[in-house]
Structure formats: C-alpha cells, structure tokens
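For the record, the sequence lines run as chains L and G. Quick note: the first sequence uses the working numbering, first residue 782, plus one each step. Quick note: the second sequence uses the working numbering, first residue 155, plus one each step. Glycine is no exception: its CB is placed at the ideal position from the N, C-alpha and C atoms. Because the structure is a prediction, the values reported are computed rather than measured.
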Amino acid sequence: MPRQSAQEGHRLLNQLFTLDVNTVITKVADPPVPGQAPTPPDAPPLVKAEPTGEKAPSMQVMVQNLAERYRGFTGGDESTTFAEVSARATAARKHRVRPEHGVLDRVAHNGQVLHDIVSRAGTPAGAGGAAVQIDESKLTPSDAATIRKAWELSLDPIDVATHVSMVGDTITRFSSSTGAAPADDIVAFHGQMVNSGLGEWQALMGVVEQFLATVFGFF
Amino acid sequence: MIRTRSLPSLTRRRVAQRAVAPAGTATSAADSLPERSKELFARGGKLFETRASDGSGRAISTLLQADGDLVTRATADSIADAELAARHEAQIVAWLHQLNRDWQKIENWCSGGLGAAAVVLTGVDAFTVASTGGAWHLAFLVVPAAAVAAIRAGVSMVARRALRHVQ
C-alpha cells in the first residue's frame, strides 16, 4: 500500500511538474473514385479520421477501447492484460521489429500505467474472455487524466510534440510519415498551443502557491 | 421614492453570453465552476472543438487537461485556415481566463473567511480572558506584536545610521 501511494504521488508530481503539448495532424481518406474501392487513410489503423466532435464516453468505455486497440496493435486475445500488452510493446521496441517507435513507446508506457490503474480500481481482463472492468468511483483525477489522454492519442502518430519540465528543459520533436518537416503554419499553431499550455500551467502553480500562502499564513 | 434594480439572473447572463459568442464557436453547456472543474478533473480534461464557419466541416479539436497538457487534432488544411486557428485558440484562452477568475474568487473567499475567523477567535479569546479576570493572558497577543514592532524599529534605526555613513 505505501509503495502504491508512493508511485501515485510520484506520478502526480511528474504530471504537475511537466507540460506536454501534442499536435496530431489527422489524415482523411481520398474521395472514392467510381468503380474503385475507396482508398483507406494513411497507414490504418494508426490514423483517426477528421475530428468528429464525439464527446468522451465513460472512463469504463475508454479503458475497454484502449484494451481493444492496444491488443490489435501488439497482438493478443480478449484475455490479454495491459501488462502483457506493455511487455510486448517493450520487446518489439527493443528488438526493432516494428518501425513505429513513438507509438510503441506510448503503448509500453501507457500499458504499464493502465495496468496499475486497473489493478487498483478494477478487474483486469480475465482468462474466460471477460473484458477489463473499472470502478469509476475509485479513480483519482490523475487516473482520469491518464486514461483520457491515452484514449485521445490512441495509436496515432504525433506530428509535433513539446515537453517542458519544471527545471527549464524544453524538448520539441517533429515527426512525419514522409520525412518532410511540418509546414510553417502547423509549427506556428503548435507554438501558440504551447503558450496556452504554459499559461494554464502558470495559473495552476499560482493557485497552488496562493492557497498554500493563505493556509500557512493563517497558521 | 427609492428605485431598486434587481440583480441580473444567472440564466439571463448565460443566454447573453451565448448570444455574443462568435459564429462557429462551440459554446459549452457546462458554465458553472463546479461543472467546469468536474469536466477538468473527473473527466480527464476539457475538449474544445471549433468548426469552420463556412460549413465545410473543417474542425480543430483540443483536449486541455488540468495540469496544462494539450492534445490537438486537426487536418493540415484546418490549421492552415488562420481565422479558424485563431478562433480556436481564443476559445481556449477565454475559457482559461474565466476559470482562473473563478478560482481567484474562491481563493479570495477562503482568505477573507480565514481572516474573519481569526478576528472572531481572537475576540472571543480576549473576551473570555477579560471576563475571567486573567488579563495577563492578553500578553500572548501583545508580546508578538510588540516584538515585531521592536524588530522593525531596530532595522529602521540601523538602516538610517548606515545611510548617514554612506552620505
């Protein structure tokens, strides 16, 4: 139990002290040509279609979606757990058997974190083919944020990603299926999103600081 | 005759806010702070979606999380639309400003509440001490204040002397 609390605390601090801004450029399928089969979007099933405005489903559905998508990506059946998915993605990354390194890293990391969440707040996928279950009332805000982000990113490659840490390190990565640098307007838009994220981060720190000052100032 | 003006109702204010929202801006039904906070913390983040006003179906969606993390999904042509991208960013910034203002209000209320509680507790304590005849207890209140005043006076005196030497 203390180990779990320590892990949860570490994860919470890590989330609080780092900022991640990801921009995913979605691709849409070519319009169908009469007499020909419709062209699928680039590299299915890694690419989602145009944003649909679909509101997020429940956390339970998100976790089941993720289990299904991750199983489809790494291989496995209904009883494959998130921990097994994570192990398969790690092995594939290590042996360089697949080119999608970014997505493999994400699946390996998220698989482990989701396994921890499900172990703590639900029931892992069973040997009898029972789907993974979670009790939403046991989820912390940090769990909800992790599940939502993993669901939102799904298995899509991230085109521009910026990671800012509290100590001042800022890392921006560009990736492209064609090998070309992203267009200037995409980079500029991503920069604006980073500014918005930094603003929110700064405001959050301000609220925490003011709250602590108020409480400890009183005592 | 005194004319009074009723406070604007929350419903009317919400309707007015929606009426002035720019075309194509997705207005959220979750206006109140508890609902916004629930969306941000319990639902894992707030999803913003801005659609092009020309009816082409182009859209940009961004998930904003409580710790500032952002995930944006869009097609390249949606981002190339400067008006759509600017409107999307403005939507996020406006929402954040409102949220921060609301949090600031709560912080002010907490600060004011704690201050008022301190005054009441001190008053009750002073009254109790005075009514039981043990007035020397008030020294607990006076001594720290006197100590702070003495330290300030000392620092001020030393600073003045130091300045005289410099001049």
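Not flagged as an interface residue toward chain G: residue 954 of chain L, since no C-beta distance is shorter than 9 angstroms. Counting only the Cα atoms, residue 259 of chain G lies some 18 angstroms from residue 194 of chain G. The beta-bridge partner set that DSSP reports for residue 953 of chain L consists of L/943. Two segments are said to touch when three or more pairs of C-beta atoms, one from each, lie closer than 8 angstroms; by this definition the segment 837-852 of chain L does not touch the segment 971-981 of chain L.
Within 9 angstroms of the CB of residue 977 of chain L, the CB atoms of chain G belong to 216, 218, 222, 224, 243, 246, 247, 250, in sequence order along the chain.
Put simply, the CB of residue 276 of chain G is far from chain L, with every gap to its CB atoms at 9 angstroms or more. Residue pairing for residue 903 of chain L: DSSP places it in a beta bridge opposite L/915. For residue 265 of chain G, there is no enclosing beta strand (DSSP E); the enclosing alpha helix (DSSP H) covers residues 236-285. Apart from the 5 residues on each side of it in sequence, residue 864 of chain L sits with its Cβ closer than 6 angstroms to the Cβ of 896 in its chain, given in chain order. Excluding five sequence positions before and after residue 870 of chain L, the CB atoms of its chain that fall closer than 7 angstroms to its own CB belong to 855, 885, 888, 889, 892, given in chain order.
By the CB criterion at 9 angstroms, residue 803 of chain L and residue 250 of chain G fall outside the cutoff. Identification of chain G residues near residue 880 of chain L by a Cβ-Cβ cut-off of 7 angstroms yields none; the smallest Cβ-Cβ distance measures about 22 angstroms.
Distance from the CA atom of residue 307 of chain G to the CA atom of residue 954 of chain L, rounded to whole angstroms, is 57 angstroms. Residue burial annotation: residue 188 of chain G is exposed, with fewer than 16 other C-beta atoms found within 10 angstroms of its C-beta. Within chain L, the residues placing a beta-carbon under 7 angstroms from that of residue 257 of chain G are 988, ordered along the chain.
For residue 261 of chain G, at least one C-beta of chain L is nearer than 9 angstroms to its own C-beta. Look at residue 840 of chain L: its C-beta is under 9 angstroms from a C-beta on chain G.
Residue 197 of chain G has a beta carbon lying within less than 9 angstroms of a beta carbon in chain L. By the CB criterion at 9 angstroms, residue 218 of chain G and residue 977 of chain L fall inside the cutoff. With a cutoff of 9 angstroms on beta-carbon distance, residue 226 of chain G and residue 805 of chain L are scored as near each other.
Residue contact check for residue 980 of chain L against chain G: a CB pair falls below 9 angstroms.
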